[in-house]
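Numbering (full-length UniProt numbering), first residue to last: 1 to 329.
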């Protein structure tokens with residue numbers, strides 16, 4: 001048993017405090033900017049699949065002629081085409097290849113892009129660079145400002161300040177513009193012409209086959225908007241030197257925004273005399289009273305204090321908050 005216990009201890013994961021820089025990078029790249037990656041993959045999938053669909057829609061192909069393009073393949077892969085499924089698969093596959101090709105005049109065995117240039121690759125790489133630009137710029141800013149420890153208030157403050165910079169706003173706007181440009185690229189590359197007699201059929205096809213990617217794209221784009229910020233002052237040195245208790249669950253699943261909401265509620269509960277959640281959020285529970293002084297809410301009048309709450313409505317607010325906290329836990 002002793003050997004087994006020692007082996008399990010050796011194989012145990014290190015704590016977040018043991019590898020702060022690694023935990024910070026993983027949290028920032030995966031958890032914080034998950035909407036960025038969802039945005040990119042939804043945009044890529046929607047663009048390539050829509051282009052493939054429109055290309056097939058506006059391409060006149062006879063089944064008897066499908067063996068012509070197959071003859072251009074290597075002898076290992078050459079065979080006669082017996083159904084349209086092989087042609088459809090080839091179109092979809094080569095649209096994905098074109099999206100990653102550095103050849104601006106790309107031409108596949110069964111795909112000849114309209115417009116004269118491989119605009120799919122241009123749009124894809126611009127989208128990828130913008131998404132990576134958001135992640136890399138925030139990472140560089142946090143490391144440059146010595147916020148490389150996810151457990152510190154400095155990491156949180158730097159992340160929230162970055163979301164208010166003009167650089168982040170410009171990148172977010174450029175991503176939204178890129179979505180519109182992606183639809184134009186799709187129309188140009190596929191040679192689509194929105195005639196009135198086919199528009200209804202195209203919309204119906206999009207509703208059944210492309211609505212999921214569109215919803216993911218819009219939701220992830222909305223999540224990038226900095227529409228929320230903590231109600232307490234996080235710009236001071238006192239907050240930045242605080243240390244919070246963070247686990248690997250926080251690293252992989254809890255964003256800074258969600259952590260700030262929990263911290264706000266813990267501060268409100270502490271003001272109502274319930275200190276448990278605030279103490280659990282700190283590495284040093286004895287700092288709870290100090291944190292309550294540092295993290296004063298900007299609209300503190302809505303957070304009644306147990307020491308000064310003499311009004312019946314304020315006492316009722318405290319009870320409601322405590323009930324919500326009990327239900328959440």
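Even for Gly, the Cβ is constructed at its ideal location relative to N, Cα and C.
Integer Cβ distance of residue i from residue j, believed to fall under 8 Å
| i | j | result |
| --- | --- | --- |
| residue 111 | residue 94 | 4 Å |
| residue 20 | residue 148 | 6 Å |
| residue 151 | residue 16 | 6 Å |
| residue 42 | residue 220 | 6 Å |
| residue 260 | residue 281 | With 8 Å as the limit, residue 260 and residue 281 do not qualify as a contact, their Cβ atoms being about 11 Å apart. |
For residue i, three-class secondary structure by DSSP
| i | result |
| --- | --- |
| residue 241 | coil |
| residue 107 | strand |
| residue 232 | strand |
| residue 112 | strand |
| residue 51 | helix |
| residue 59 | coil |
| residue 225 | coil |
| residue 45 | helix |
| residue 165 | coil |
| residue 152 | strand |
Length of the line joining the Cα atoms of residue i and residue j
| i | j | result |
| --- | --- | --- |
| residue 263 | residue 143 | 24 Å |
| residue 97 | residue 140 | 32 Å |
| residue 31 | residue 244 | 17 Å |
| residue 210 | residue 53 | 10 Å |
| residue 118 | residue 104 | 5 Å |
| residue 125 | residue 100 | 8 Å |
| residue 36 | residue 279 | 33 Å |
| residue 155 | residue 251 | 13 Å |
| residue 217 | residue 180 | 12 Å |
| residue 295 | residue 170 | 30 Å |
| residue 297 | residue 268 | 9 Å |
| residue 38 | residue 289 | 40 Å |
| residue 123 | residue 178 | 8 Å |
| residue 248 | residue 287 | 23 Å |
| residue 330 | residue 212 | In the structure displayed, the chain extends from 1 to 329; residue 330 sits before or after that span and is not available. |
| residue 27 | residue 255 | 8 Å |
| residue 175 | residue 120 | 16 Å |
| residue 138 | residue 25 | 10 Å |
| residue 338 | residue 113 | Shown here, the chain extends from 1 to 329; a query on residue 338 therefore has no answer. |
| residue 58 | residue 109 | 17 Å |
| residue 274 | residue 158 | 29 Å |
| residue 188 | residue 214 | 20 Å |
| residue 127 | residue 236 | 36 Å |
| residue 102 | residue 116 | 14 Å |
Buried/exposed call for residue i, threshold 16 Cβ in 10 Å
| i | result |
| --- | --- |
| residue 277 | buried |
| residue 167 | exposed |
| residue 33 | buried |
| residue 222 | exposed |
| residue 91 | buried |
| residue 153 | buried |
| residue 234 | buried |
| residue 272 | buried |
| residue 173 | exposed |
| residue 225 | exposed |
| residue 129 | exposed |
Within-8 Å CB hit, residue i to chain B
| i | result |
| --- | --- |
| residue 139 | Absence of chain B from the displayed structure is noted, only one protein chain being present. |
Residue i beta carbon near the ligand ZN (any heavy atom closer than 7 Å)
| i | result |
| --- | --- |
| residue 237 | This structure lacks the ligand ZN; in fact it carries no ligand of any kind. |
Inset, instruction - Taking 8 Å as the threshold, find out whether the region 41-60 comes into contact with the region 233-252 through three or more Cβ pairs. - result: no
Legend entry - Validate contact between the region 128-139 and the region 180-187 using beta carbons, cut 8 Å, 3 pairs: no
Legend entry - Meets three-Cβ-pair contact criterion under 8 Å: the region 34-47 and the region 159-166: With a cut-off of 8 Å on Cβ pairs, the region 34-47 is not in contact with the region 159-166, counting fewer than three such pairs.
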